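Novice: Keeping their order, the protein sequence lines are chains W and A. Just so you know, the first sequence maps onto residues 53 to 265 in this note's numbering. Just so you know, the second sequence maps onto residues 53 to 265 in this note's numbering. Glycine included, each C-beta is placed from N, C-alpha and C at the ideal position. Being a predicted model, the structure only gives us computed values, none of them experimental.
2 protein chains.
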Amino acid sequence: MGDTSAPSQGPKIHTEVKDSDLVFRRRRQIVDASVQLFISKGFHKTTTREIAKAAGFSIGTLYEYVNSKEDVLYLVCQAIHSEMEQRLKQRLRHGINGARDLEAAIGVYFTVCDQMSDHILLIYQETKSLPAESRRFVLEHELRITGVFKDLLARGVADFSLRPLHPPEITLVAHNIMVVGHMWGFRRWALAPSFSLEQYIQLQSDYLLGELT
Amino acid sequence: MGDTSAPSQGPKIHTEVKDSDLVFRRRRQIVDASVQLFISKGFHKTTTREIAKAAGFSIGTLYEYVNSKEDVLYLVCQAIHSEMEQRLKQRLRHGINGARDLEAAIGVYFTVCDQMSDHILLIYQETKSLPAESRRFVLEHELRITGVFKDLLARGVADFSLRPLHPPEITLVAHNIMVVGHMWGFRRWALAPSFSLEQYIQLQSDYLLGELT
DNA sequence: CCACCCCGACTGAGCGCTCGCTCAGGTTTA
DNA sequence: TAAACCTGAGCGAGCGCTCAGTCGGGGTGG
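1. Let me know the secondary structure DSSP gives residue 316/W once reduced to three states.
2. Select from the region 167-180 of chain W all residues with a C-beta closer than 7 Å to any C-beta belonging to chain A, and list them in chain order.
3. Leaving out the 5 sequence neighbours to the left and right, which residues in its chain are closer than 7 Å to residue 204/A when beta-carbon positions are compared?
4. Is the region 99-114 of chain A close to the region 132-151 of chain A, with three or more CB pairs under 8 Å?
5. Since residue 209/A contacts residue 216/A with CB under 8 Å, what's their CB separation in whole angstroms?
6. At a CB-CB cut-off below 8 Å, which residues of chain A make contact with residue 262/W?
7. Taking only beta-carbon atoms, is residue 214/W less than 8 Å away from chain A?
8. Measure from the C-beta of residue 122/A to each C-beta in chain W and report whether the shortest distance is under 8 Å.
9. Is the Cβ-Cβ distance between residue 187/A and residue 127/A less than 8 Å?
10. Give me the residue from 121/A, 214/A, 72/A with the minimum Cα distance to residue 86/A.
11. Relative to the C-alpha of residue 183/A, which candidate in 248/A, 98/A, 88/A, 119/A has its C-alpha closest?
12. Does DSSP put residue 201/W in a helix, in a strand, or in coil?
13. Return helix, strand or coil for residue 265/W, following the three-state DSSP convention.
14. Just the C-alpha distance for residue 242/W and residue 191/A, rounded to the nearest angstrom, thanks.
15. Could you tell me whether any non-hydrogen atom of the ligand GTP is closer than 7 Å to the CB of residue 191/A?
16. Determine, for residue 136/A, whether the minimum Cβ-Cβ distance to residues of chain W falls below 8 Å.
17. Counting C-beta neighbours from all protein chains within 10 Å, is the total for residue 185/A 16 or more, i.e. buried, or is it exposed?
18. Could you tell me the alpha carbon to alpha carbon distance between residue 255/W and residue 228/W, rounded to whole angstroms?
19. Considering only C-alpha positions, which residue in the set 180/W, 230/W, 220/W, 213/W is nearest to residue 196/W?
20. Quick one: grab the DSSP three-state call for residue 219/A.
21. Examine the Cβ distances between the region 91-101 of chain W and the region 169-184 of chain W and report whether three or more of them are shorter than 8 Å.
22. Comparing C-alpha positions only, which one of 264/W, 250/W, 260/W sits nearest to residue 166/W?
23. Going by DSSP in three states, residue 116/W sits in which element: helix, strand or coil?
24. Confirm, please, whether the CB-CB distance from residue 173/W to residue 238/W is below 8 Å.
25. Within 8 Å of any Cβ in chain W, is that where the Cβ of residue 182/A sits?
26. Give the straight-line distance between the Cα atoms of residue 262/W and residue 259/A, rounded to the nearest whole angstrom.
27. From the beta carbon of residue 163/W, is the nearest beta carbon of chain A less than 8 Å away?
28. Taking only the alpha-carbon atoms, compute the straight-line gap between residue 102/W and residue 145/W and give it to the nearest angstrom.
29. Taking 8 Å as the cut-off, decide whether the C-beta atoms of residue 114/A and residue 100/A are in contact.
30. Along chain W, which residues have their Cβ under 8 Å away from the Cβ of residue 232/A?
31. Compare the Cα-Cα distances from residue 137/A to each of 200/A, 245/A, 125/A and report the closest residue.
32. Could you check how far apart the C-beta atoms of residue 222/A and residue 162/A are, in whole angstroms? I think they sit under 8 Å.
33. Do we get a CB-CB distance below 8 Å when we pair residue 239/W with the residues of chain A?
34. Compute the distance between the beta-carbons of residue 220/W and residue 246/A, then report whether it is under 8 Å.
35. Considering only residues of the same chain and omitting the five flanking positions on each side of residue 232/A, which have a CB-CB separation below 6 Å?
36. Under a three-way DSSP split, which group does residue 244/W fall into?
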């Protein structure tokens, strides 16, 4: 899992100042172990002992790098969003035609959603279990990703490859893209009998973009 | 909350055969109390003692009408879906123009989602906590609601008020309608600054139906 | 009419257990 | 050997669930 540092601006997870990248490495171990456990058993049914064991050390050590079980959940949520954001941005292209770039981005995004559907599900299910402040930061991170699509839409409007859209419409369409991507993850059981991922991307792109040209 | 009986076909929640509608009434009390608690604290952080107290009797009595805490969650999920289904079907119209009926249904459905957004969120968050068999029945119930939109779409195609659609396309659009409805519930924090419910219904209907005519 | 008993609904103290978290002490590193 | 790091037995709180017991109304025999 990608970025496991305490995010530049977010609730600090305070531990003694035994610095260096050991903290960073240990937290990555914690996140990697927890993601799998949370996905298969859920946050509440996973015990701190299991997390420690799966991470390769003892509970005592776990609590050297984290102040509470909820901290672990926060690290996990941030790591998932970071990874999604990174995988998406990494593969964005910036051509001369905004509409085409948007379509490509949708394809990339849906593919990422496909690969990370368990992680997305986890966030839907467990965000509520975060303390209020942490939850705010997690939701903000999600908004940052939505912003990627807002930007692409705005660019398409600016270069006339998309029809004019009011700002609220841009917001709406960006959220639609996000949610339709998630939908492939959390409704696979209903959709997979009818579509392959490629077909899903194709059809949904048509629906999403059809109205915008 | 509506139907709190063990559904005609579903995992039986077995209790001693002290029949009559007392079982029914008591279970309704349990569901009504639990919905509120689960929404505000989540399933895992709600204790059986709290449920009993909120329902107006003791834990002992609670376990006369239910075999486990998970049973309560199952009753709650079924009650929520039943209520959604009922509120939706109750207000469906069956005119001569399928497309118009569909548009009306979308409006009704989104309004129901608005009123029951906390309940929808609860189902997204806690369905995973159900035992496998119960979960299957809950998801099937959700599919039944999706079926309402499939039927409306098929009718629209049949009377030529919608363009021809392949069965998979009908499935996809029906799921899109469902999820876009839920989206108003679980992304209100992001959408409400830009839209009223009425505006949301208007815009989303345009996007959803625009491609179908 | 009373005295008796029965029965099903209801109660809540308490059982057995698990959990998140701590800390006294051991091990490794430099 | 001091500092940094790690260990895991143990603590106390709280959980889901049970079960011996209470209560009240209605049937029965005298």
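Specialist: Checking against the coordinates, here is how it stands:
1. Because chain W here runs from 53 to 265, residue 316/W falls outside it and cannot be looked at.
2. Hits within the stretch, in order: 176, 177, 180.
3. The beta carbon of residue 204/A sits closer than 7 Å to those of 150, 153, 154, 157, all from its chain and outside the five residues before and after it, given in chain order.
4. The region 99-114 of chain A is not in contact with the region 132-151 of chain A.
5. That belief holds up - the Cβ atoms of residue 209/A and residue 216/A are roughly 6 Å apart, short of 8 Å.
6. Residues of chain A passing the Cβ test: 262, 263.
7. So, not an interface residue.
8. The beta carbon of residue 122/A does not come within 8 Å of any beta carbon belonging to chain W, so the residue lies off that interface.
9. Contact: no.
10. Comparing Cα positions, the closest option is 121/A.
11. When each option's Cα is compared against that of residue 183/A, the closest is 119/A.
12. Three-state result, residue 201/W: helix.
13. Coil.
14. Approximately 9 Å between the Cα atoms of the pair.
15. Looking at this structure, you won't find the ligand GTP or any other ligand, since it has none at all.
16. For residue 136/A, no CB of chain W lies under 8 Å from its own CB, so it is not counted at the interface with that chain.
17. Counting the other CB atoms within 10 Å of its CB gives residue 185/A a total below 16, which places it among the exposed residues.
18. In this model, residue 255/W and residue 228/W are separated by some 14 Å (Cα to Cα).
19. Checked all of 180/W, 230/W, 220/W, 213/W; the closest Cα to residue 196/W is 230/W.
20. DSSP places residue 219/A in helix when its eight states are reduced to three.
21. The region 91-101 of chain W makes contact with the region 169-184 of chain W; the number of CB pairs closer than 8 Å reaches 3 or more.
22. When only C-alpha atoms are compared, the closest one is 250/W.
23. Residue 116/W falls in the coil class under three-state DSSP.
24. A contact, by the Cβ cut-off of 8 Å.
25. So, not an interface residue.
26. Distance from the CA of residue 262/W to the CA of residue 259/A, rounded to the nearest whole angstrom, comes to 9 Å.
27. The beta carbon of residue 163/W sits no closer than 8 Å to any beta carbon of chain A.
28. Cα atoms of residue 102/W and residue 145/W: separation of roughly 42 Å, rounded to the nearest angstrom.
29. Their beta carbons are under 8 Å apart, which means residue 114/A touches residue 100/A by this criterion.
30. Going along chain W in sequence order, the residues near residue 232/A (Cβ under 8 Å) are 228, 231.
31. The candidate whose alpha carbon is nearest that of residue 137/A is 200/A.
32. Between residue 162/A and residue 222/A the Cβ distance is about 19 Å, and since that is not below 8 Å, they are no contact.
33. With a threshold of 8 Å between beta carbons, residue 239/W makes contact with chain A.
34. For residue 220/W and residue 246/A, yes; Cβs fall inside 8 Å.
35. If we look at residue 232/A and ignore the five residues flanking it on each side, its Cβ neighbours are 256.
36. Shown here, residue 244/W sits in coil according to DSSP, grouped into three states, outside any helix or strand.
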